[in-house]
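Report on one structure; see the data block that follows.
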Amino acid sequence: MDRKSRASRAASLDETNEEVNLWKQICSSLLKLENVQKESESIVTSVNKLHMSVDGGEGMSSSTSYKLKELYSEGISASSTESKTITDVIEKLSVLIALRNASENTSDPRRKKRKTEADDLKITSGPHAAKKSKLQNGGIIPIGTSVAAKQPKQKDKTEEWILAAVISYNSDKNKYHVEDVDQDETGTRQKYLVPPKNVIPIPSVAEVRQMPEISAHTDVLALYPGTTCFYNAIVITPPSKNKDAASAGCYKVQFEDDNDETKVVTAIHVLEKSKSK
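Below, the structure is given as structure tokens:
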């Protein structure tokens with residue numbers, strides 16, 4: 009069955025509410041990052057001043073020692089916040105880039121209709137460490153996490169894996185409520201209730217750096233360039249062997265039914281299939 013690509017709608021940044029909102033979130037996070045970094049610099053300065061004030065002969069007083077411990081604790085907290093904010097910005101930028109590509113690349117007819125076999129897909133997000141790092145509270149994916157989600161069966165529509173975000177978890181039904189990052193023809197972002205087996209956390213850039221690389225000739229599920237849909241593909245060149253400076257750190261893959269063309273996909277959007285059937 010032919011399937012409509014999610015890159016079929018062209019719009020400018022100002023006309024696309026989801027992109028505008030995402031950009032505002034990124035700007036807000038960058039402002040937060042700037043403030044956190046200023047706080048960290050202030051803490052480091054205070055620590056250095058305290059160390060310089062210590063008399064080598066008399067040693068460190070209990071009050072100075074207590075103050076240093078407080079500053080170290082504040083520094084650790086600020087460093088953790090800074091790291092989380094940077095990761096958040098990177099993930100949001102990855103989604104924004106995918107949305108911009110989807111709105112700009114509308115001329116290729118292959119991006120308007122693609123044939124896949126999503127019903128038969130069984131996948132994981134590559135090495136288990138990356139997937140586990142996204143989980144909390146007994147294996148629950150945190151709200152706001154970017155995921156690949158398989159849409160529920162709908163009349164006259166084929167199931168497909170889409171780029172989405174977790175907005176809640178229903179413990180009674182053991183299902184996730186996810187929101188499509190893309191808008192439909194009416195300008196609405198659809199929401200779906202899906203079981204855990206149909207929700208795959210997308211690793212952050214930092215997590216990908218710690219993960220074993222997916223080797224060449226491996227079957228994967230990858231985000232098709234210019235869309236917000238994941239499709240069957242095979243790895244042609246992993247990042248470590250990709251010598252193209254323009255696509256450094258990315259995978260080169262071949263999608264099914266794509267005339268054997270090689271496409272470049274960011275590492276966080278290449279998900280390894282499970283070996284189990």
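Be aware that the sequence shown starts at 9, since it is given in my numbering, and climbs by one per residue. All residues carry an ideal CB built from backbone N, CA and C; glycine is no exception.
Subject >> Through-space distance from SER176 to LEU201, alpha-carbon basis >> reply: 9 angstroms
Subject >> Between the CA atoms of ALA230 and PHE263 - distance to the nearest angstrom >> reply: 8 angstroms
Original post:
So, is LYS139 buried or exposed, given that buried needs 16 or more other C-beta atoms within 10 angstroms?
Top reply: Since pLDDT at LYS139 reaches only 48, below the 50 mark, its modelled position is unreliable, and the value read off the structure follows with that caveat. By the 10 Å Cβ count, LYS139 comes out buried.
**OP:** Determine the burial state of SER37: buried for a count of at least 16 other Cβ atoms within 10 Å of its Cβ, exposed for fewer.
**Re:** buried
Original post:
From LYS40 to SER69, what distance separates their C-alpha atoms?
Top reply: 35 angstroms
Original post:
In or out: SER73 buried (at least 16 other Cβ within 10 Å) or exposed?
Top reply: exposed
Original post:
Using 8 angstroms as the threshold, is the stretch 183-198 in touch with the stretch 211-222, meaning 3 or more CB pairs across them?
Top reply: no
Original post:
Per DSSP, what kind of secondary structure is GLU280 in: helix, strand or coil?
Top reply: strand
Original post:
Grouping DSSP H, G and I as helix and E and B as strand, with all else coil, what is LYS181?
Top reply: coil
Subject >> Distance CB(VAL261)-CB(ALA241) smaller than 9 angstroms >> reply: yes
Original post:
So is ASN178 buried or exposed if we call it buried at 16+ other beta carbons inside 10 Å?
Top reply: exposed
Original post:
Taking DSSP as the reference, what is the three-state secondary structure of VAL189?
Top reply: coil
Original post:
For the alpha helix (DSSP H) that ALA214 lies in, which residues bound it at each end?
Top reply: 213-218
Original post:
What do you get for THR235, buried or exposed, if any count of 16 or more other CB atoms within 10 angstroms of its CB means buried?
Top reply: buried
Subject >> Integer Cβ distance of VAL155 from ILE210, believed to fall under 8 angstroms >> reply: 6 angstroms
Original post:
Using CA coordinates, which residue listed in GLU168, GLU82, GLN33 is at the minimum distance from TYR239?
Top reply: GLU168
**OP:** Can you give me the start and stop residues for the beta strand (DSSP E) that ALA224 sits inside?
**Re:** It is not in any beta strand (DSSP E) - ALA224 carries neither H nor E in the DSSP assignment.
Original post:
Is HIS59 buried or exposed, if buried means 16 or more other CB atoms sit within 10 Å of its CB?
Top reply: exposed
Subject >> Backbone CA spacing between SER54 and LEU79 [nearest angstrom] >> reply: 8 angstroms
**OP:** Mind checking who VAL207 pairs with in its DSSP beta bridge?
**Re:** ALA157
Subject >> DSSP three-state assignment for GLY7, whether helix, strand or coil >> reply: No answer is possible for residue 7: the residues shown for the chain start at 9 and end at 285.
Subject >> Beta-carbon spacing of VAL174, GLY147 below 9 angstroms >> reply: no
Subject >> Span separating the alpha-carbon of GLU90 from that of VAL278 >> reply: 26 angstroms
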